[in-house]
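Below: the structure, in structure tokens.
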Amino acid sequence: MTRHFLDLSDAGPDGIAAMLADALDRKAARIGWPKGKADRDAPLAGHVLGMVFEKNSTRTRVSYDMAMRQLGGSSIVLDAGTTQLGRGESIADTARVLSGYCDAIMIRTDDHAKIEEMARYASVPVINGLTDASHPSQIMADLLTIIESGKPLPGLKLAWVGDGNNVLASIVEAAALMQFDVVAACPQGFMPAEIDLARGQGRVRVVAQASEAVAGADVVVTDSWISMGQEHAETKLAALAPYQVDEALMAQAKPDAVFLHCLPAHRGEEVTDGVIDGPQSLIWPEAANRLHAQKSILRWCFGQIG
Ligand code: CP
Ligand code: NVA
């Protein structure tokens, strides 16, 4: 059966654990190598990933492209605006066409139903590179970064501060699968959807005060207040203003707590320079880990692990 990675639950706890172990091993095996050199075993030699973008991207685009190169394969970038998708060709038809050229498809889009449709009609693995509903590719890198910081996932307390968005939805899903707890501080009107909270299977609590979320937290996470495709609304910015992660808030987490942000950041809005550039911030290793995490997602999709 074709393996799709539309959300973390597609891989389940065992698949996620296998991917994280694989990412750690492969990362360690190529320390000091030039980035474009293929891994010794080149496990995806001859394979091509088609990458469809209906939204902007820096990290997802480059990390998946480099992931394919390091695994011995290659990728093709398809910006929706310059393809027939942008002129109304259906997702279903695009899925069937790309399946004839590519060995896997990664898509970044708005409506989550579109990647489900892509998976339904594609005969090759489909990977979620972000939708309005979730961002599992990012959260695999976040889990890797947390483990590398010396914090085991089971029993961990993760504080989310800010908008109840797509990145939080995947964190909540990860919490249920990997046995950690999330306390999310979100303002009225910008809390996670019920369906996302349900995926947390009791592992997530939503609170009104940012200080309540970060108290005793091992990891503090935020994201931009305005996601791609959303209006830059003054009302939303005003509602989120008390949810900025600044040095005073960070000081209420555990002394060895780490700070994560998927990037791009809006410094001075959801986070201060002092925190994002401070000693507890792991944002650069987190961004770099996108590459290592994406390699393992690709290998999982091809049935090579998990
Ligand atoms: N974090 C993330 O997905 O970054 P890009 O939007 O640059 O891909
Ligand atoms: N929540 C953000 C994440 C960007 C990587 C967005 O959807 O725009």
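The letter at position 85 of the sequence shown is residue 268 when you use the working numbering, and the numbering goes up by one with no holes. Beta carbons: idealized from backbone N, C-alpha and C, even for Gly.
Leu-191 versus Ala-431: straight-line alpha-carbon distance, rounded
Each residue's CA atom was taken as its position, placing Leu-191 and Ala-431 some 33 Å apart.
Identity of the residues DSSP links to His-444 by a beta bridge
BP columns for His-444 point to Thr-405.
To which residues does DSSP link Gly-233 through a beta bridge?
For Gly-233, which the question treats as bridged, DSSP gives the partners Ile-259, Ile-288.
Out of Arg-473, Phe-442, Ala-225, which one is the CA nearest neighbour of Lys-334?
Comparing Cα positions, the closest option is Phe-442.
Take His-318 and list the residues in its own chain whose beta-carbon comes closer than 6 Å to its own, dropping the five residues that flank it on each side.
Excluding residues within five positions, the ones whose Cβ falls inside 6 Å are Asn-349, Val-350, Ser-353.
Burial state of Thr-277 (16 or more Cβ within 10 Å)
By the neighbour-count criterion, in which a residue is buried when 16 or more other Cβ atoms sit within 10 angstroms of its Cβ, Thr-277 is buried.
Cα-Cα separation, Asp-224 to Leu-474:
Distance between the alpha carbons of Asp-224 and Leu-474 is about 17 Å.
At a threshold of 7 Å, does Cys-445 count as lining the ligand NVA (C-beta to nearest heavy atom)?
Flag set: Cβ of Cys-445 near the ligand NVA.
For Leu-351, the first and last residue of its enclosing beta strand (DSSP E):
According to the DSSP assignment, Leu-351 belongs to no beta strand (DSSP E) but to the alpha helix (DSSP H) extending over 349–361.
Is it buried or exposed for Thr-243, if we count other Cβ within 10 angstroms and need 16 for buried?
Thr-243 comes out buried.
Looking at Met-411 and the ligand NVA, is the gap between the Cβ and the nearest heavy atom below 7 Å?
Within the chosen limit of 7 Å, the ligand NVA reaches the beta carbon of Met-411 through at least one heavy atom.
Relative to the C-alpha of Val-344, which residue among Ile-214, Val-454, Leu-481 is closest?
Comparing Cα positions, the closest option is Val-454.
Does at least one heavy atom of the ligand NVA sit under 7 Å from the Cβ of Ser-317?
Ser-317 has its Cβ no nearer than 7 Å to any heavy atom of the ligand NVA.
Please state if the CB of Ile-480 and the CB of Phe-188 are separated by a distance shorter than 8 Å.
For Phe-188 and Ile-480, yes; Cβs fall inside 8 Å.
Mind checking which residues open and close the alpha helix (DSSP H) that includes Val-428?
Looking at the DSSP string, Val-428 is not in any alpha helix (DSSP H), and its letter there is neither H nor E.
Compute every distance between the C-beta of Leu-203 and the non-hydrogen atoms of the ligand NVA, then say whether any falls below 7 Å.
Because no heavy atom of the ligand NVA lies under 7 Å away, the Cβ of Leu-203 does not count as near it: no.
If Val-403 sits next to Ala-440, beta carbons under 8 Å apart, how far is it from one beta carbon to the other, in whole angstroms?
Yes, they are in contact, since the Cβ atoms of Val-403 and Ala-440 sit about 6 Å apart, within 8 Å.
State the start and end residues of the unbroken alpha helix (DSSP H) segment that holds Asn-472.
Start and end: 466–484.
Quick one: is the Cβ of Asp-406 within less than 7 Å of any heavy atom of the ligand NVA?
Result yes, Cβ under 7 Å from the ligand NVA.
Asp-248, DSSP secondary structure in three states:
Helix.
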